[in-house]
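Novice: Quick note: the sequence shown uses my numbering, first residue 55, plus one each step.
Submitted below is the structure of interest, expressed as structure tokens.
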Amino acid sequence: MLKRLMQRLRGQPRPPKLKLQIIPRDRHSLSRQHISSAAKKVLYGLQEAGFQAYLVGGSVRDLLLGLQPKDFDVATNATPEEVRNIFRSSRIIGRRFRLVHVMFGRETVEVATFRAHHQDDTGQGATNATGMIVRDNVYGSIEQDAERRDFTVNALYYHIADFSIHDFAGGFADIERRTLRLIGHPETRYREDPVRMLRAVRFAAKLQFTLDPACAEPIPHLATLLSSVSPHRLFDEVQKLLACGHATQILDMLENLRLLPVLFPSLHANDASMTLIRATARSTDERIAVGKSINPAFFYAALLWQSVQDRQCQLHDHGSPVMPAWQQASQYVLQKQSERTALTKFTGMAIREIWEMQPRLQVPDVRQLDGLLSSPRFRAAFDFLVLREASGEKTGHMGAWWERYQHADPGLQAEMTRALVDQKATATPNRRKRRPRKRKPT
Ligand code: ATP
Ligand code: MG
55 MLKRLMQRLR
65 GQPRPPKLKL
75 QIIPRDRHSL
85 SRQHISSAAK
95 KVLYGLQEAG
105 FQAYLVGGSV
115 RDLLLGLQPK
125 DFDVATNATP
135 EEVRNIFRSS
145 RIIGRRFRLV
155 HVMFGRETVE
165 VATFRAHHQD
175 DTGQGATNAT
185 GMIVRDNVYG
195 SIEQDAERRD
205 FTVNALYYHI
215 ADFSIHDFAG
225 GFADIERRTL
235 RLIGHPETRY
245 REDPVRMLRA
255 VRFAAKLQFT
265 LDPACAEPIP
275 HLATLLSSVS
285 PHRLFDEVQK
295 LLACGHATQI
305 LDMLENLRLL
315 PVLFPSLHAN
325 DASMTLIRAT
335 ARSTDERIAV
345 GKSINPAFFY
355 AALLWQSVQD
365 RQCQLHDHGS
375 PVMPAWQQAS
385 QYVLQKQSER
395 TALTKFTGMA
405 IREIWEMQPR
415 LQVPDVRQLD
425 GLLSSPRFRA
435 AFDFLVLREA
445 SGEKTGHMGA
455 WWERYQHADP
465 GLQAEMTRAL
475 VDQKATATPN
485 RRKRRPRKRK
495 PT
């Protein structure tokens, strides 16, 4: 009671009261044929045991749009224990909110019991002083379950009993209008969970939907709330943003909505760095479009390239030799980034190797050419060098040189190596003198 009063005093509207619309089978395009057999078994299994069973979330949305869903989620009024008892091959997971994973062969279907909105008087759901959800652990009705979902198009429930769609928030009409709209008051919903700002960007780009202006409007001034989200969760979200096949558009949206500097605090967003970052986004999207894998390390390497170079220059100017300066600079920049998006050890190492290979590829030691070529990081580092070159950075055309060298026969390789030695010899007399030492940066 007290909390609700406080919320009203703080001007936060109550959660929306939703109105159910039922879209019968003959008025929508979702066909059972497109639902995985595992998901169908779960839906029917629950129904036969006397429970309500709905397909919900991204799978309903994607099927209505004619897209292939990533996975199938089921919502039910059965408790996790009841679900567990129906399906032999299943297990209860999660502590904050318990879910059941039901396994059929290689496919896993996630089954969640209807969850109530956090603003419940039982005291089990709670928000902190900024309005962020800290506990979210109450079972509820299907209507309450719909209320706590993020976007209207993610709150559509496909009812296995009669193949109708239960629409509580107008999501069906929004699919037809191709509009992404939050359920309820946008600012309150972002404060409850700031990650929804990133989900808004991702879904708008991935689905090619218009982000409802009322949902876009509060983002720039709420963007910094993301700094209170767990860095592990943010790493995962960034990963999804980069890998959804629309990184180019996402980059523009993150910039316009002022989310980019919050996600990458040490990013120096000038023309040169943004040219490289955009080129990386384009090449990521192209790879995804033809089914190739992508490495998040590559994207981070581009995003933070300017920062690591600046830091390296500073350290070098203050007396550190070239390579130790690179190592220290990489460590520093990655450490800073990890405070926002916890980079896995593997990703961190891959980024460092891409960076630290740049000077070695750009000014190679001719005795190490074959070693560099056979290094497991050559491919990524070389691709990065090529992108830098294409983005207008001065690389001595070494991207093109390596492109030719790696495909050359031994005779041509020897010739190219000699030319490199000669070029170095002529360049040496003009080499820049090392600048006098300054005080080390802190
Ligand atoms: P996809 O899996 O294709 O990325 P999705 O919509 O299935 O999209 P999930 O992250 O798998 O997204 O979440 C499943 C559903 O859970 C969503 O459709 C939404 O209804 C709900 N949901 C997920 N995250 C949130 C959130 N942060 N706030 C509110 N509801 C959420
Ligand atoms: Mg999903």
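Backbone N, C-alpha and C define an ideal beta-carbon position, used for all residues, glycine too.
Quick caveat, the model's predicted, so the values are computed rather than measured.
1) Given this structure, state the Cα-to-Cα distance separating arginine 79 from serine 85, to the nearest angstrom.
2) Measuring from the CB of lysine 71, is there a heavy atom of the ligand MG at a distance below 7 angstroms?
3) Between leucine 311 and valine 207, what straight-line distance do the alpha-carbon atoms span, to the nearest angstrom?
4) To the nearest whole angstrom, what separates the beta carbons of valine 249 and alanine 277, a pair I think is in contact under 8 angstroms?
5) Helix, strand or coil for glutamine 360 per DSSP?
6) Which class does serine 281 belong to by DSSP, given the choice of helix, strand or coil?
7) Between which two residues does the alpha helix (DSSP H) carrying arginine 50 extend?
8) Can alanine 462 and methionine 470 be called in contact, C-beta distance under 8 angstroms?
9) Going by Cα to Cα distance, which pick from Phe226, Asp228 and Leu280 is closest to glutamate 246?
10) Tell me whether arginine 458 sits in a helix, a strand or coil according to DSSP, three-state version.
11) Indicate, with yes or no, if the ligand ATP has a heavy atom lying under 7 angstroms from the CB of glycine 125.
12) Rank Leu234, Ala93, Arg332 and Phe352 by C-alpha distance to the C-alpha of histidine 213 and give the top, closest one.
13) Any heavy atom of the ligand ATP closer than 7 angstroms to the beta-carbon of arginine 203?
14) Tell me whether alanine 209 counts as near the ligand ATP, meaning its Cβ is closer than 7 angstroms to at least one heavy atom of that ligand.
15) Whole angstroms are fine: how far does the CA of isoleucine 77 sit from the CA of glutamine 178?
16) Can you tell me the Cα-Cα spacing of arginine 138 and phenylalanine 222, whole angstroms?
17) Given the structure, does aspartate 247 come close to the ligand ATP, in the sense that its CB is under 7 angstroms from one of the ligand's heavy atoms?
18) Excluding sequence positions up to five away, which residues of its chain have a Cβ less than 6 angstroms from the Cβ of threonine 338?
19) Can you look up threonine 302 in the DSSP assignment and give me helix, strand or coil?
20) Between the C-alpha atoms of alanine 444 and valine 362, what's the straight-line distance to the nearest angstrom?
21) Look up threonine 329 in the DSSP assignment and say whether it is helix, strand or coil.
22) Give the secondary structure of arginine 145 by DSSP, where H, G and I count as helix, E and B as strand, and everything else as coil.
23) In angstroms with no decimal places, state the Cα-to-Cα distance between histidine 88 and tyrosine 211.
24) Can you name, in chain order, every residue of its own chain whose Cβ lies under 7 angstroms from the Cβ of serine 83, other than the five neighbours on each side?
25) Please go through the same chain and pick out, in chain order, the residues whose beta-carbon is closer than 7 angstroms to the beta-carbon of histidine 370, but skip the five residues on each side of it.
26) Among Ala343, Ser384, Ile342 and Gly345, whose alpha-carbon lies nearest the alpha-carbon of glutamine 360?
27) Taking the alpha carbon of proline 350 as the reference point, which residue from Gly299, Leu308 and Gln368 has its own alpha carbon closest?
28) Kindly list the residues whose CB is nearer than 6 angstroms to the CB of lysine 71, restricted to its own chain and excluding five residues on each side of it in sequence; keep chain order.
29) Quick check on the burial criterion: 16 or more other C-beta atoms within 10 angstroms. Buried or exposed for proline 430?
30) Could you tell me the distance, in whole angstroms, from the CA atom of glutamine 477 to the CA atom of serine 392?
31) Where does histidine 275 land, buried or exposed, given buried means 16+ other C-beta within 10 angstroms?
32) Considering only DSSP beta bridges, list what arginine 504 is partnered with.
33) Sort out for me which residues DSSP pairs phenylalanine 432 with in a bridge.
34) If proline 285 sits next to threonine 395, beta carbons under 8 angstroms apart, how far is it from one beta carbon to the other, in whole angstroms?
35) Check glutamine 467 in the structure and name its three-state DSSP category.
36) Where does lysine 71 fall in DSSP's three states?
Specialist: According to the structure shown:
1) If you draw a straight line from the Cα of arginine 79 to the Cα of serine 85, it is about 9 angstroms long.
2) No, the beta carbon of lysine 71 sits no closer than 7 angstroms to any heavy atom of the ligand MG.
3) CA-CA distance, leucine 311 to valine 207, rounds to 22 angstroms.
4) The Cβ separation is near 12 angstroms, so there is no contact.
5) Helix.
6) DSSP, reduced to helix, strand and coil, places serine 281 within a helical segment of the structure shown.
7) Nothing can be reported for residue 50, as the shown portion of the chain is limited to 55 through 496.
8) Less than 8 angstroms separates the beta-carbon of alanine 462 from that of methionine 470.
9) Of Phe226, Asp228 and Leu280, the residue nearest in Cα terms is Leu280.
10) Helix.
11) Reading off the sequence, residue 125 comes out as aspartate, not glycine. The answer is yes for aspartate 125.
12) For histidine 213, the closest C-alpha among the options Leu234, Ala93, Arg332 and Phe352 is that of Ala93.
13) At least one heavy atom of the ligand ATP is nearer than 7 angstroms to the Cβ of arginine 203, so yes.
14) It does: the Cβ of alanine 209 is within 7 angstroms (strictly closer) of some heavy atom of the ligand ATP.
15) Its pLDDT being 48, under 50, glutamine 178 is placed unreliably by the model, and the measurement read from it follows with that caveat. Approximately 33 angstroms, taken between the alpha carbons.
16) If you take the alpha carbons of arginine 138 and phenylalanine 222, they lie about 28 angstroms apart.
17) Flag set: Cβ of aspartate 247 near the ligand ATP.
18) Here the set comprises Ala301 and Ile348.
19) Reduced to three states, the DSSP call for threonine 302 is helix.
20) Separation of alanine 444 and valine 362 (C-alpha to C-alpha, rounded to the nearest whole angstrom) is 20 angstroms.
21) Helix, per DSSP.
22) Arginine 145 sits in a strand when the DSSP states are folded into three classes.
23) When rounded, the distance between both Cα atoms is 15 angstroms.
24) Cβ neighbours of serine 83 beyond the five flanking positions: Leu118.
25) Within the same chain, histidine 370 has close Cβ partners Val376 and Ala379.
26) The option with the nearest alpha carbon to glutamine 360 is Ser384.
27) The option with the nearest alpha carbon to proline 350 is Gly299.
28) Closer than 6 angstroms at the Cβ level, and outside the excluded window around lysine 71, lies no residue.
29) Answer is exposed; the Cβ neighbour count stays below 16.
30) Straight across, the Cα-Cα distance linking glutamine 477 with serine 392 is about 41 angstroms.
31) Exposed.
32) The question about residue 504 has no answer, for the chain in this structure spans 55 to 496.
33) According to DSSP, phenylalanine 432 bridges with nothing at all.
34) In this structure proline 285 touches threonine 395 by the C-beta definition: roughly 6 angstroms separates them, less than 8 angstroms.
35) Residue state for glutamine 467 is assigned as helix, using DSSP reduced to three classes.
36) DSSP, reduced to helix, strand and coil, places lysine 71 outside both helices and strands of the structure shown, so it counts as coil.
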